[in-house]
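Structure record follows, encoded as structure tokens.
Residue numbers (the working numbering): 34 to 454.
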């Protein structure tokens, strides 16, 4: 297999190259159209590019609002250039072939802008990484008696794991489970579980793609004789762009799914530590907020949480809209679901419901909003009786942060699960 070079796809050099590419193809498309006497069509293409970008902004930011955070302006600007170049290609007569390459480059450069913001692929090599696990279905995994191998060495199994939503009836995608080699080599070993949640938009496989969880776990098990926690990325939204706010509502019984059905399904299908107080739930962005929500509402479901870049308050960006859309306009219903309000009430009442729970809040050093939110949440969870800490890692609200966060907190979660004490 040919290994791709580790050329950076993020950072100052990559950003500069992307800007130059977008600028160059925009200028070339405009000049080429002008030289062929198609000034009017060029203006139409300009209007189409700007118009489509503006419509995208209006729909995403104000009408549909699928994401809790606004998309950076750079994405819309890059999209406008790409739309313009493609528009020139569509409207051009006779010499369309000359605009095919600039059109493709425009689309690639737009994707590069998105990647530079969210840091999904840090290098060219990360587009086709060296495998650290063997993918298989649950049926294939169930029939195995020994660990799979890569290059003659025992490797982890990456299992597509169907879980039943018996209590919640929540419509969900299959989970993805990392099973270390020790699962096979030591049949008496009952490993702790880490349940991970992606963000919004997101899917379970993102933790083992852009999230880099496999590389971190492979390093961990290499240092611990093939042993690591079983890590399972589960669906916390129901679809790529859905935002059920991690509550039980007419949009889905997400809380019941994560607190009841997921643990029950894992215990049924895998040999794991039966003591859920040694299990961890965690996630990034929406998933980080959701992980704490689950524990605040169901403190017996897991013993530890990992909140990476979560929010201090449930919502989709506007408090009033959140209350109206998700809680029928009832502020009281919102307060009863919002973790910060629930924790404040527990503090006032002197509740001991959260004693024994531990967690880590992690934000990227460049994510100032998350830093403020998570510092506040760390204080209030600590006051409510949890053992929590807050830390920052390199990155912003992006996968660079979340890769670093998982690497920084895996040992903590493993120790909470009874490993390496």
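Glycine included, C-beta positions come from ideal geometry on N, C-alpha and C.
Residue i versus residue j: straight-line alpha-carbon distance, rounded
i           : j           : result
residue 254 : residue 92  : 45 Å
residue 44  : residue 404 : 22 Å
residue 412 : residue 246 : 28 Å
residue 408 : residue 200 : 35 Å
residue 189 : residue 181 : 7 Å
residue 154 : residue 385 : 43 Å
residue 160 : residue 273 : 21 Å
residue 279 : residue 330 : 11 Å
residue 339 : residue 370 : 19 Å
residue 433 : residue 152 : 6 Å
residue 429 : residue 438 : 11 Å
residue 138 : residue 115 : 8 Å
residue 147 : residue 53  : 16 Å
residue 41  : residue 162 : 14 Å
residue 55  : residue 346 : 38 Å
residue 216 : residue 319 : 31 Å
residue 85  : residue 113 : 7 Å
residue 431 : residue 222 : 35 Å
residue 359 : residue 281 : 10 Å
residue 337 : residue 419 : 9 Å
residue 106 : residue 249 : 32 Å
residue 157 : residue 47  : 11 Å
residue 426 : residue 321 : 15 Å
residue 49  : residue 296 : 47 Å
residue 165 : residue 300 : 25 Å
residue 134 : residue 88  : 26 Å
residue 238 : residue 417 : 34 Å
residue 334 : residue 220 : 25 Å
residue 210 : residue 136 : 39 Å
residue 79  : residue 109 : 14 Å
residue 141 : residue 117 : 14 Å
residue 365 : residue 378 : 13 Å
residue 400 : residue 51  : 23 Å
residue 231 : residue 39  : 26 Å
Extent of the continuous beta strand (DSSP E) to which residue i belongs
i           : result
residue 228 : 226 to 230
residue 340 : 337 to 341
residue 6   : Lying before the first or after the last residue shown, residue 6 is absent from the chain, which here runs from 34 to 454.
residue 441 : Unbroken run through residue 441 is the alpha helix (DSSP H), 432 to 449; no beta strand (DSSP E).
residue 208 : 208 to 212
residue 365 : Note, residue 365: premise wrong, no beta strand (DSSP E); alpha helix (DSSP H) at 364 to 370.
residue 317 : 313 to 317
Inter-residue CB distance, residue i and residue j (contact presumed, cutoff 8 Å)
i           : j           : result
residue 224 : residue 263 : 5 Å
residue 327 : residue 288 : 6 Å
residue 381 : residue 424 : With a Cβ gap of about 28 Å, residue 381 and residue 424 do not count as contacting.
residue 192 : residue 174 : 5 Å
residue 332 : residue 390 : 6 Å
residue 449 : residue 313 : 6 Å
residue 353 : residue 268 : The Cβ separation is near 29 Å, so there is no contact.
residue 305 : residue 226 : 5 Å
residue 213 : residue 170 : Their Cβ separation, rounded to whole angstroms, is 18 Å, which puts residue 213 and residue 170 out of contact at 8 Å.
residue 265 : residue 293 : Contact doesn't hold; Cβ gap of about 15 Å is too wide.
Burial state of residue i, where buried means 16 or more other Cβ atoms lie within 10 Å
i           : result
residue 95  : exposed
residue 34  : For residue 34, the predicted structure reports a pLDDT of 48, less than 50, and the residue's modelled location is therefore unreliable. A value from the coordinates is still provided. Result: exposed.
residue 453 : exposed
residue 316 : buried
residue 435 : buried
residue 184 : exposed
residue 395 : buried
residue 307 : exposed
residue 60  : exposed
Collapsed DSSP secondary structure at residue i in the structure displayed
i           : result
residue 150 : helix
residue 198 : coil
residue 106 : helix
residue 324 : helix
residue 82  : helix
residue 266 : strand
residue 41  : strand
residue 306 : coil
residue 159 : helix
residue 298 : helix
residue 452 : coil
residue 376 : helix
residue 423 : strand
residue 190 : strand
residue 280 : coil
residue 5   : What the structure shows of the chain is the stretch from 34 to 454, and residue 5 is not part of that stretch, so it cannot be assessed.
residue 274 : coil
Any chain B beta carbon closer than 8 Å to residue i
i           : result
residue 425 : Reference to chain B is not applicable here, since this structure consists of a single protein chain.
Residue interval of the alpha helix (DSSP H) (run including residue i)
i           : result
residue 168 : Element bounds for residue 168: not the alpha helix (DSSP H) but the beta strand (DSSP E), 166 to 170.
residue 354 : 352 to 360
residue 247 : 246 to 256
residue 414 : 401 to 416
residue 217 : 215 to 218
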